[in-house]
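A.B. asks: Residue numbers (the working numbering): 692 to 851. One structure is given below, represented as structure tokens, and several questions about it will come after.
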């Protein structure tokens, strides 16, 4: 598939809108991501702002929809709320909107962390301190907080 790259005289708002729509056709993007990608393609700041405002008015671009989609995909990959918040911040989503997206997902974080731990380490809980610390580091890296990690490492996982 050929990527749209404007010619020298084609750096106007319709060309910018078309390029943004092509990016949005592949996956949801935040406004900040689109801003960065369109800048890399050579569109001026004024043209980018106009095109992105137009896309927001038409409903094609919505940070809330991007946030919901992003949260769902990251939860499915077994990532915790802290890591998801950090990645959303890198993509230009403010913390209030990230919190709304995490709340809207209605994730059972305890079940998620237990499933992630069991997938990586098996159903047996760690028997010694070194193994417990190793599992805790892994879960911390995945974005779970200390309370969630303690809860996941203290209870037996049902083998049903």
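Even glycine gets a Cβ: it sits at the ideal position worked out from N, Cα and C.
Whole angstroms is fine: what's the gap from residue 816's alpha carbon to residue 725's?
C.D. replies: Those two C-alpha atoms are separated by around 44 Å.
A.B. asks: Can you give me the Cβ contacts of residue 835 inside the same chain, cut-off strictly under 6 Å, excluding the 5 residues immediately before and after it?
C.D. replies: Around residue 835: 771 and 804.
A.B. asks: For a quick check, are the C-beta atoms of residue 765 and residue 778 less than 8 Å apart?
C.D. replies: For residue 765 and residue 778, yes; Cβs fall inside 8 Å.
A.B. asks: Rank 735, 813 and 728 by C-alpha distance to the C-alpha of residue 703 and give the top, closest one.
C.D. replies: For the residues 735, 813 and 728, the minimum Cα distance to residue 703 belongs to 735.
A.B. asks: Output the distance between the C-alpha atoms of residue 750 and residue 715, rounded to the nearest integer angstrom.
C.D. replies: Distance between the alpha carbons of residue 750 and residue 715: 12 Å.
A.B. asks: For residue 730, which residues in the same chain have their Cβ closer than 6 Å to its Cβ, ignoring the five residues on either side in sequence?
C.D. replies: Hits under 6 Å: none found.
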